[in-house]
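Residue numbers (our numbering): 1475 to 1818.
By construction, the Cβ of each residue, glycine as well, lies at the ideal position given by its N, Cα and C atoms.
Here the structure is a predicted model, which is why all the values come from computation and not from measurement.
A short write-up of the structure that comes next.
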């Protein structure tokens, strides 16, 4: 079955996951769903990044109902048959840009906020969707405080300045935030990542990739948000290029394996994620689960897994700005060669 979930005030929830939310759509294993994902930064350049549908979300959802996080989440989907202990496979089939503009905000939560001259700088980028790159259109200093999620800037108060001239950045549409509902009471902020997914901010979560989430509640209650069109590992200044996307996914319930944290598969790699408020602890969590992947899923001995993790896996910093910092390991698929001739 094919479904379309339009992002309307009734089909989104702003800033939270919640196991008590009513689903916007009930779907089955194997169904394909097109979901609109809206950036909460559309107000940084409303004349470019907003259309009537986006504007209605910003005007109809009260500011006091945008908490405790910041991201506009479309969903949740109730996947029939998904139970706690299962894995939800989400295959990302397409990610198309809704408006060819995006915003990068050098935020107070950025890694080097205290060391910058222009600590709250907004750079607006324009996307060349034919050639798949982005260039800066202009930049401005935020006119006052970014005091609540979804604030709409008065463009007349912003002095547009040239920015990043002579630079074109490769476009990589992806989701910064997506996940299932945690088995916890009340609203859970979208800002920190965790076992349920959330704000992982891995730029590889784009078209052609698959994510595997452990399921915590019946139906999984899967939601998407925080769409990006480009980001580097680290997300250093606080945000990516935030821009709205139309996302097409296929969902499947998996019971043939289990993994305790969100697992990413691309055409060439497996990626394991770890999170903690301390970067060293996030690294340790990732390393432990990398050995878990190699032993439990790839059936290596623990000694062999420890050796392979050191000589073949690449560990990187996913982001340093989302309350819980993120580290990922990249496990190349090319090294798994059952056909190779063993040395004699």
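Beta-ladder partner(s) of residue i, from DSSP
{"i": "residue 1609", "result": "1600"}
{"i": "residue 1776", "result": "Beta-bridge pairing links residue 1776 to no other residue."}
{"i": "residue 1478", "result": "1508"}
{"i": "residue 1690", "result": "Partner(s): none; residue 1690 has no beta bridge."}
{"i": "residue 1793", "result": "1708, 1800"}
{"i": "residue 1751", "result": "None, per the DSSP bridge assignment."}
{"i": "residue 1524", "result": "In the DSSP output, where bridge partners are listed per residue, residue 1524 has none listed."}
{"i": "residue 1732", "result": "Looking at the DSSP assignment, residue 1732 forms no beta bridge with any residue, so it has no partner."}
{"i": "residue 1788", "result": "1804"}
{"i": "residue 1762", "result": "Per DSSP, none; premise fails for residue 1762."}
{"i": "residue 1724", "result": "1506, 1565"}
Under 8 Å between C-beta atoms of residue i and residue j
{"i": "residue 1721", "j": "residue 1566", "result": "yes"}
{"i": "residue 1509", "j": "residue 1771", "result": "no"}
{"i": "residue 1609", "j": "residue 1642", "result": "yes"}
{"i": "residue 1712", "j": "residue 1583", "result": "yes"}
{"i": "residue 1539", "j": "residue 1665", "result": "no"}
{"i": "residue 1655", "j": "residue 1779", "result": "no"}
{"i": "residue 1825", "j": "residue 1553", "result": "A question about residue 1825 goes unanswered here, because the residues of the chain that appear run from 1475 up to 1818."}
{"i": "residue 1700", "j": "residue 1651", "result": "yes"}
{"i": "residue 1551", "j": "residue 1497", "result": "yes"}
{"i": "residue 1716", "j": "residue 1577", "result": "yes"}
{"i": "residue 1678", "j": "residue 1648", "result": "yes"}
{"i": "residue 1491", "j": "residue 1723", "result": "no"}
{"i": "residue 1668", "j": "residue 1798", "result": "yes"}
{"i": "residue 1479", "j": "residue 1507", "result": "yes"}
{"i": "residue 1806", "j": "residue 1786", "result": "yes"}
{"i": "residue 1597", "j": "residue 1638", "result": "yes"}
{"i": "residue 1562", "j": "residue 1556", "result": "yes"}
{"i": "residue 1814", "j": "residue 1788", "result": "no"}
{"i": "residue 1514", "j": "residue 1546", "result": "yes"}
Inter-residue spacing [alpha-carbon to alpha-carbon] between residue i and residue j
{"i": "residue 1481", "j": "residue 1773", "result": "42 Å"}
{"i": "residue 1527", "j": "residue 1572", "result": "11 Å"}
{"i": "residue 1615", "j": "residue 1744", "result": "39 Å"}
{"i": "residue 1560", "j": "residue 1727", "result": "7 Å"}
{"i": "residue 1653", "j": "residue 1631", "result": "37 Å"}
{"i": "residue 1524", "j": "residue 1658", "result": "34 Å"}
{"i": "residue 1732", "j": "residue 1755", "result": "23 Å"}
{"i": "residue 1593", "j": "residue 1587", "result": "6 Å"}
{"i": "residue 1624", "j": "residue 1769", "result": "44 Å"}
{"i": "residue 1681", "j": "residue 1809", "result": "24 Å"}
{"i": "residue 1718", "j": "residue 1635", "result": "24 Å"}
{"i": "residue 1690", "j": "residue 1775", "result": "29 Å"}
{"i": "residue 1760", "j": "residue 1627", "result": "39 Å"}
{"i": "residue 1484", "j": "residue 1612", "result": "34 Å"}
{"i": "residue 1504", "j": "residue 1802", "result": "28 Å"}
{"i": "residue 1705", "j": "residue 1585", "result": "15 Å"}
{"i": "residue 1660", "j": "residue 1558", "result": "18 Å"}
{"i": "residue 1570", "j": "residue 1783", "result": "35 Å"}
{"i": "residue 1607", "j": "residue 1574", "result": "11 Å"}
{"i": "residue 1591", "j": "residue 1516", "result": "25 Å"}
{"i": "residue 1487", "j": "residue 1541", "result": "9 Å"}
{"i": "residue 1692", "j": "residue 1589", "result": "46 Å"}
CB contact below 8 Å: residue i versus chain C
{"i": "residue 1588", "result": "As a matter of chain content, chain C is missing from the structure shown, which is built from one protein chain."}
Cβ-heavy atom distance, residue i to the ligand PLP, below 7 Å
{"i": "residue 1496", "result": "Of ligands this structure carries none, so the ligand PLP is not represented either."}
(Q) I'd like to know if the region 1759–1771 and the region 1597–1604 are in contact, where contact means that at least 3 CB-CB pairs between them fall below 8 Å. (A) no
Q: Report yes or no: do the region 1748–1761 and the region 1777–1794 share at least 3 C-beta pairs separated by less than 8 Å?
A: yes
**Q.** Length-filtered (3 minimum) beta strand (DSSP E) runs lying within the region 1567–1598
**A.** Listed in chain order, they are 1575–1579.
Q | Sufficient close CB pairs (3 or more, under 8 Å) joining the region 1679–1687 to the region 1530–1549 | A | no
(Q) If we require 3 or more residues per run, which beta strand (DSSP E) segments fall completely within the region 1617–1682? (A) Fully enclosed beta strand (DSSP E) runs of 3 or longer: 1648–1653.
Q: Give a yes or no on contact between the region 1664–1679 and the region 1511–1524, applying the rule of three or more CB pairs nearer than 8 Å.
A: The region 1664–1679 is not in contact with the region 1511–1524.
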